[in-house]
Amino acid sequence: MKQKRLLSMLLALVMVIGLALPAGAVQLNIHAPSAVVMDYQTGEILYAKDPDTARVPASMTKVLTAYIMYEEMARGNLSKTDLVTISPHVAQISRDRSYPQPVPLNAGGTYSVDELLNLIMIPSASASCIAIAEHISGSEQAFVKRMNETAKSFGMDATYYNCHGARVNYITARSMAILVRKFIQDYPDILNYTRKSSYNFRGHTYGNTNHLLDTMYYEGADGFKTGTIAAAGYCVATTATRNNRRIISIVMKSSSTSQRFVDSRILLDYGFAEVARRDAAREKTYLKELNVPAQAIPYMPMQVSVQIGGVTTPYTCQAEWTVNGKPVPKFVNPASQITDRKISTLTYTPSADEIGTTLSIGFTLKFPNGKTVERTMMVPVAESMELSGQLNLRTASVYGGHSLNVQGTITSQLTVPEMTLPVQWELNGMPIAEPNTVTLKNGMGISTADFEIPTSLIGEKAEIALVVDPMGTSPLRLTADIKVVD
């Protein structure tokens, strides 16, 4: 009896714990306070643990320093063969053991950009960062200003006070993942550096601080950057590829150098497994038409809807609506959240140019592997708007220099609750007011013009016109003849 009671209590406890967890929450045995796993191809965050708390990145700071180096090379302001002259300040810091990693550089000596880039990304030489900063911006302070501007332009939550990370800077784990992804996207050549397990610099070999490349080898790993100072704990950004998919993981403030790599392996394993699940869900996805109008009417908004089905695991991909093969700008989402039974709706207003045509309306999901799921719907556009109308005068004598109020009534035989059309008032073929619109409710609307008759027309005849749908293929023109008198 006691055993049954104990079992019931345990089951109740499990149920309470389960209910306390947020829907879709993932429980990983990650020791670091902050961690992120990102799908490189889509930018999806596959797992996150306190991803938005700003923490000290230590030498992961060097990632943005290296990015700016590549940015300068892309602009033609720097090349890998350029020589950088070492200032006395940099030479001194290169021997200061409070700056990781001390790699001696000689004052007045010259070192290639390629050498310094290797030193920055492999043994994590801080002085090499300052040398580059001085070479590019004239001073480390000016370079750091550019770092902060660059981070802001990337949408990162980060604040930099130095270019090397031997002293305190701040960044979130999410922002670190964003930066690594952008670096690889913009300048994939960086992987030729970060994948090296060591670098021989003028007779001395320095090992890569990323041990997923050697002692804690992880299949497919090819970078990215570690960071360690007292204020930061042990940090690392890593990336690996398998089956043509890349995963990025971030670990911040881990308790030891080995623990950060243990956490990284768990994160990468989870990332690849989750990507496989999401890719499988993409393969099973289908689209179903929900709301397709039998006819479209120019100037009247219409809605077309599809429902997404077969999604066993939610994922992110590009979703877009097209009309006649062209994307509708406001209905293109490069990172749409796809869930089962989700409905997507296009709101589109046909133009006068589309009268009498058939609109090919498409909805497409575009996946990282280049595959797509598409649905195309054909919607005919009304042959005409069947417009008619009249002005409240046909002929009249009016005084030059005086105001005249003219009213036009427009009707349509189309049975729609409301339609808004462009209109233009003219005098002798010239606009007498800014282009405007008229709204037809239940097939009828009124447009009014109030303008002054020019004295230059005294003694002459003139024509007033209300042009409805002036840019259309068959505009409606309502006219009245006037004689201008003194």
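Take the sequence shown: its letters are residues 26 to 511, numbered as in our numbering. Ideal Cβ placement from N, Cα and C applies to all residues, glycine included.
Rounded separation between residue i and residue j - CA only
i	j	result
N194	P354	39 angstroms
L31	K278	Below a pLDDT of 50, predicted positions are generally treated as unreliable, and L31, at 37, falls in that range; the measurement from the model is reported next regardless. Each residue's Cα considered, the two are about 40 angstroms apart.
A176	D294	29 angstroms
C342	L71	13 angstroms
A198	P375	46 angstroms
T184	P82	10 angstroms
Q415	G350	39 angstroms
L367	E69	Checking the sequence, you will find Lys at residue 367 rather than Leu. Rounded to the nearest angstrom, the two C-alpha atoms are 18 angstroms apart.
M402	I275	44 angstroms
Y243	K313	42 angstroms
A246	F208	16 angstroms
R502	I483	25 angstroms
T253	T263	15 angstroms
P500	P323	12 angstroms
G454	P479	14 angstroms
M325	T434	19 angstroms
K391	G296	21 angstroms
Q126	V300	36 angstroms
P58	D75	7 angstroms
Y231	P352	51 angstroms
Neighbour-count burial assignment, residue i, 16 or more Cβ in a 10 Å radius
i	result
D378	exposed
M172	buried
Q52	exposed
N467	exposed
G395	exposed
I273	buried
R307	buried
V493	buried
P460	exposed
S437	buried
H236	buried
E140	buried
G49	Residue placement at G49 is poorly supported in this model, since its pLDDT is 40, which falls under 50; the coordinates still yield a value, given next. Exposed, since its Cβ has fewer than 16 Cβ neighbours within 10 Å.
A37	Caution is warranted here: a pLDDT of 35 is assigned to A37, below 50, making its placement in the model unreliable, and no coordinate value can be reported.
L108	exposed
I111	buried
G248	buried
Cβ-Cβ distance between residue i and residue j below 9 angstroms
i	j	result
T464	T445	yes
I147	T219	yes
V317	V398	no
V406	A321	yes
L412	D475	no
T23	H189	Any answer about residue 23 is impossible in this case: the structure gives the chain only from 26 up to 511.
L144	F179	no
M85	V261	yes
D211	Y65	no
I161	M181	no
V336	T310	yes
V128	K105	no
In DSSP terms, what residue i is bridged to
i	result
T342	Residue identity check: residue 342 is Cys in the sequence provided, not Thr. DSSP output for C342 lists S361 as bridge partner(s).
E314	V331
V423	V509
M402	I386
K74	A60
N430	D475
S437	L412
E443	K466
M455	L452
A490	E451, T504
I145	Looking at the DSSP assignment, I145 forms no beta bridge with any residue, so it has no partner.
Ordered list of alpha helix (DSSP H) runs contained in the region 206–258, each at least 4 residues: Those alpha helix (DSSP H) runs which fall completely within the region 206–258 and span 4+ residues are 216–219.
Length at least 3, wholly inside the region 281–310: the beta strand (DSSP E) runs in chain order: none
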